[in-house]
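Enquirer:
In this note's numbering, the protein residues as written are 28 to 169.
What follows is the structure in structure tokens.
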């Protein structure tokens, strides 16, 4: 935790990180897909001016992390720009083609509710669990 910037440590505690990491590990034991959470302090201003949609930034991060290289194109990224209070859930083309935009919006909306309630850990863990269940239904680990 000491390696994280101060703004991250104010947003999530060490226990929060452990719970999030454990949730990802649990979800990924049931699916061949990849789930990641990416935090940024702010959406880069040059991008925010062009397109205020956090999903655009999430897609950039998705590609920069190499998540588009999964064999079945089934990675999912939870993106949070903490200082800007923006978030997005981005699924690669394989899983997106199976669940569609509505599913990602539902996950995002439930996250927003929990975040507004001051529960970032619960918001992220619940999102991972929902995403993991959907991924396991379409891409079970064999």
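Where a beta carbon is used, it is the ideal one built from N, C-alpha and C, also for glycine.
1) Starting from the C-beta of residue 64, find all residues in its chain whose C-beta is less than 7 angstroms away, skip the five residues before and the five after it, and write them out in chain order.
2) What beta strand (DSSP E) runs, 3 residues minimum, are completely inside the stretch 42-90?
3) Let me confirm a value: residue 34 is counted as buried when at least 16 other C-beta atoms fall within 10 Å, else exposed. Which label applies?
4) Give me the Cα-Cα distance between residue 50 and residue 39, rounded to the nearest whole angstrom.
5) Within this structure, are the beta carbons of residue 115 and residue 81 separated by less than 7 angstroms?
6) Sorted by chain position, which residues of the same chain lie with C-beta nearer than 6 angstroms to residue 139's C-beta, five sequence neighbours on each side aside?
7) What do you get for residue 58, buried or exposed, if any count of 16 or more other CB atoms within 10 angstroms of its CB means buried?
8) So, under 8 angstroms CB-CB, residue 103 and residue 62 are touching, yes? Tell me the CB distance rounded to an integer number of Å.
Expert: The structure says:
1) 47, 105 and 151
2) 62-67
3) exposed
4) 15 angstroms
5) yes
6) none
7) buried
8) 5 angstroms
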